[in-house]
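In the working numbering, the protein residues as written are 1296 to 1619.
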């Protein structure tokens, strides 16, 4: 899904524009080789020791007369550039600057030493193949995409918290940013649909979710949002909640009215109250609607989520009722 046909663009006004970027890599405009520098004995502390406290630094000890160095250099530089900032490469000519190599006990070149948090962490010697260099970088810096995945996870968590607090535009902006990085991220898609629902754009939310690829539409989070939309549509047809409350005052055993009221309270966000009405029906008449109150409560749980406080509370009460 490209940015030009992203159905979420503009949904909540200009605040919707996604500006968050992911991953630790420098801006795409950075020139090839920008992750590679030369250093001297005087600059080693700044270029390697200090820099390695921010990200892993590979130091390539080489010399102009070294044949294997000439074989290793283009391969090493290629892999470092493809890593896009996960590591930096600092090259040191040991003919001009022999003291650091001597302090590290390097007796043959090429030698590549990885510095992490100011200290040597790992290394290799010789003109090793590209695949081994890639594996070495993965071992030092973590697998490719790990940092981006962690950042996306953090943004999704923040977006969910904003949505729960009623900050729809801010949440939508973060969900949109995730979708720019990962257009088929199910949590971002479900979250954006939740933003649309919160903004009373129910039909648009349904349209967007109905157009997803089949495999993606099967995601549990997507399915929960679709069920939420069904519950909203059903609740619209159930009448006036004030009238239902009057009916219950006149007849507390009107389970049909109580079930309808629970469904309305649910879509209004009054989850605890909705659950209490269903639990009350169960206490009075488990046979009503073929145990319909329990089945309805379980449907609520699917939409609320396993960790939602209302789910936790109601599930505890339900268990006590069923197994006491």
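Ideal placement from N, C-alpha and C gives every residue a C-beta, glycine not left out.
Distance from the CA of residue 1425 to the CA of residue 1432, rounded to the nearest whole angstrom, comes to 11 Å. Using a Cβ distance threshold of 8 Å, residue 1450 and residue 1485 do not count as a contacting pair. Residue environment analysis places residue 1561 among the buried positions, since at least 16 neighbouring C-beta atoms fall within 10 angstroms of its C-beta. A straight line joining the alpha-carbon of residue 1586 with that of residue 1487 spans about 34 Å. Here the alpha carbon of residue 1391 sits roughly 18 Å from the alpha carbon of residue 1341.
Spatial neighbours of residue 1366 in its own chain (CB-CB distance under 8 Å, excluding positions within 5 residues in sequence) are listed in chain order as 1422.
For residue 1365, the uninterrupted alpha helix (DSSP H) run begins and ends at 1362-1377, by DSSP. In the structure shown, residue 1583 falls within a coil segment according to DSSP collapsed to helix, strand and coil. In this structure residue 1532 is exposed. Its beta-carbon is surrounded by fewer than 16 other beta-carbon atoms within 10 angstroms. Looking at 1508, 1459, 1501 and 1503, the one whose alpha-carbon comes closest to that of residue 1603 is 1459. Along the region 1506-1541, the alpha helix (DSSP H) occurs as fully enclosed runs of 4 or more residues at 1509-1512 and 1515-1530, listed in sequence order.
Exposure of residue 1616 is indicated by the presence of fewer than 16 other C-beta atoms within 10 angstroms of its C-beta. Take the alpha-carbon of residue 1377 and the one of residue 1409: they are about 17 Å apart. If you look at residue 1397, you'll find it in the alpha helix (DSSP H) that goes 1394-1398. Excluding the 5 residues flanking it on each side, residue 1347 has same chain C-beta neighbours closer than 7 Å at 1410, 1411, 1412 and 1413, in chain order. The three-state secondary structure of residue 1386, taken from DSSP, is strand. The beta carbon of residue 1401 lies closer than 6 Å to those of 1356 in the same chain, with the five residues before and after it left out.
Ranked by Cα distance from residue 1511, the first of 1538, 1364, 1482 and 1448 is 1482. Under the DSSP assignment, residue 1352 falls outside any alpha helix (DSSP H), being part of the beta strand (DSSP E) whose first and last residues are 1352-1357.
Rounded to whole angstroms, the separation of the alpha carbons of residue 1415 and residue 1506 is 52 Å.
Each of 1493, 1448, 1494 and 1495 was checked against the Cα of residue 1472, and the nearest Cα belongs to 1448. Beta-bridge annotation (DSSP): residue 1566 is not paired with any residue. At least 8 Å separates the beta-carbon of residue 1428 from that of residue 1469. DSSP places residue 1401 in no beta strand (DSSP E); its state is neither H nor E. Looking at the DSSP output, residue 1410 sits in a beta bridge with 1352 and 1415. Contact check for residue 1344 against residue 1375 fails: the beta carbons are separated by 8 Å or more.
Counting only the Cα atoms, residue 1379 lies some 23 Å from residue 1364.
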